[in-house]
Amino acid sequence: MPYSKRAKQIGIDRLVRLQWLEKTTNLLLAGNEAPEVKLALQEELSGAFRSNNTKVRGSIDKSITILLKIWSNVPKELLPLKEDGHKLLRTLHRENHIAVHWGMTMAVYPFWGAVATQTGRLLNLQGSAAASQVQRRIMEDYGERETVSRRVRYVLRSFLDWGVLEETSQKGIYTSREKIVIDDVHLISWLLEASLYARNNNSSPMQDLLSSPSLFPFQINPIHAGVLAGMSPRLECLRHGVDQDLIMLKNQSAL
Numbered sequence: 000m001p002y003s004k005r006a007k008q009i010g011i012d013r014l015v016r017l018q019w020l021e022k023t024t025n026l027l028l029a030g031n032e033a034p035e036v037k038l039a040l041q042e043e044l045s046g047a048f049r050s051n052n053t054k055v056r057g058s059i060d061k062s063i064t065i066l067l068k069i070w071s072n073v074p075k076e077l078l079p080l081k082e083d084g085h086k087l088l089r090t091l092h093r094e095n096h097i098a099v100h101w102g103m104t105m106a107v108y109p110f111w112g113a114v115a116t117q118t119g120r121l122l123n124l125q126g127s128a129a130a131s132q133v134q135r136r137i138m139e140d141y142g143e144r145e146t147v148s149r150r151v152r153y154v155l156r157s158f159l160d161w162g163v164l165e166e167t168s169q170k171g172i173y174t175s176r177e178k179i180v181i182d183d184v185h186l187i188s189w190l191l192e193a194s195l196y197a198r199n200n201n202s203s204p205m206q207d208l209l210s211s212p213s214l215f216p217f218q219i220n221p222i223h224a225g226v227l228a229g230m231s232p233r234l235e236c237l238r239h240g241v242d243q244d245l246i247m248l249k250n251q252s253a254l
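Mapped onto numbering that gives the first Met the number 0, the consecutive letters of the sequence shown carry residue numbers 0 to 254.
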């Protein structure tokens, strides 16, 4: 599904726990097919819900649909990114897995990236982010609907669950946790590529990518644009102006 279509879909309509994504990828990397993963996740998630009535079973299934869409049933154009993400999860230390889950979630669901961007901008501007401020900014792009406001809350609650935000003494006001340092060049390249898939034009000046508010939980070590582009066959670097490098996604049909 092209970005333009994915961007219009909010998709995330419930809490996405980091441990659930980790469980999903552990099952997939162990060689399980999607139907087997779904069965295992139904058992795993059942303890997180209050009862086994039909409504709750429906909520579990909807949560599993999101988890599998992120790491199994991804849009066609994201298949190479997913495969490289799986490779990273096999080789990276556990503490770096959060960056891989963050990047893939943002690529599959640009809405996640949109909420992260507005949250990151507020944190950079004033050191804290109010849920109401994030909701107001997101509704400027997605429409002033209660559905949008509610789903922003789901994403913010997910950020809390992932440990990248923490609550303050004031209800609905959040601050950031200590940033996670990303210094592995393969992970940096992959994460920045993932963030490009969440952008409308699939391109960005290099410096904007490295300091993107959508990646607010991470401190990304500097990397040369040429090195970045050389890490993935799907990236290219163009000189833009006198001293600015533009990183962009190649036309996938030409690969």
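Note that CB positions come from ideal geometry on N, CA and C, so glycine has one too.
Values in this document were obtained by computation on a predicted structure and should not be read as measured data.
* How far does the beta strand (DSSP E) with residue 180 in it reach, from first residue to last? -> It spans 179-181 - the beta strand (DSSP E) in which residue 180 sits, taken as one unbroken run.
* Use the C-beta contact count for residue 182: other C-beta atoms within 10 angstroms, 16 or more gives buried, fewer gives exposed. => Residue 182 counts as exposed, since fewer than 16 other beta carbons sit within 10 angstroms of its beta carbon.
* Asked: Less than 7 Å separating the beta-carbons of residue 127 and residue 172?
  -> Yes, these two residues count as a Cβ contact at 7 Å.
* Asked: When DSSP labels each residue in this structure, what does residue 59 get in the three-state scheme?
  -> Of the three classes helix, strand and coil, the one that applies to residue 59 here is helix, per DSSP.
* To do: Within the same chain, show all residues whose beta-carbon is closer than 6 Å to that of residue 130, passing over the 5 residues directly before and after it, in chain order.
  => If we look at residue 130 and ignore the five residues flanking it on each side, its Cβ neighbours are 155 and 171.
* By DSSP, does residue 211 sit in helix, in strand, or in coil? -> Of the three classes helix, strand and coil, the one that applies to residue 211 here is coil, per DSSP.
* In terms of residues, what are the limits of the alpha helix (DSSP H) holding residue 260? -> Outside the modelled stretch of the chain, which goes from 0 to 254, sits residue 260, for which no answer is possible.
* **Proximity to residue 186 [Cα-Cα], best of 67, 88 and 31** => Among 67, 88 and 31, the Cα nearest to that of residue 186 belongs to 88.
* Same chain, Cβ closer than 8 Å to residue 144, five either side skipped, listed in chain order -> Contacts found: 138.
* Ignore the nearest five residues each way along the sequence and tell me which others in residue 54's own chain have a CB closer than 6 Å to its CB. => Note that residue 54 scores 49 on pLDDT, short of 50, meaning its location in the model is unreliable and no value can be drawn from it.
* Rounded to a whole number of angstroms, what is the C-alpha to C-alpha distance between residue 22 and residue 242? -> About 44 Å.
* **Status (buried if at least 16 other CB within 10 Å, exposed otherwise) for residue 238** => Exposed.
* **Nearest-angstrom Cβ-Cβ length linking residue 65 and residue 15, presumed shorter than 8 Å** => Contact between residue 65 and residue 15 holds: CB atoms are separated by about 6 Å, below the 8 Å threshold.
* **Segment limits, beta strand (DSSP E) that includes residue 164** => Per DSSP, residue 164 is one residue of the beta strand (DSSP E) stretching across 164-166.
* Asked: Over what stretch of residues does the beta strand (DSSP E) that includes residue 218 continue unbroken?
  -> Element bounds for residue 218: 217-219.
* Asked: Skipping 5 residues on each side, what residues in its chain have a beta carbon closer than 6 Å to that of residue 120?
  -> The residues are 212.
* Which residues does DSSP pair with residue 172 in a beta bridge? -> Per DSSP, 129.
* To do: Closer than 7 Å by C-beta to residue 132: which residues in its own chain qualify, once you throw out the five before and the five after it? Chain order, please.
  => Same-chain partners within the cutoff: 121.
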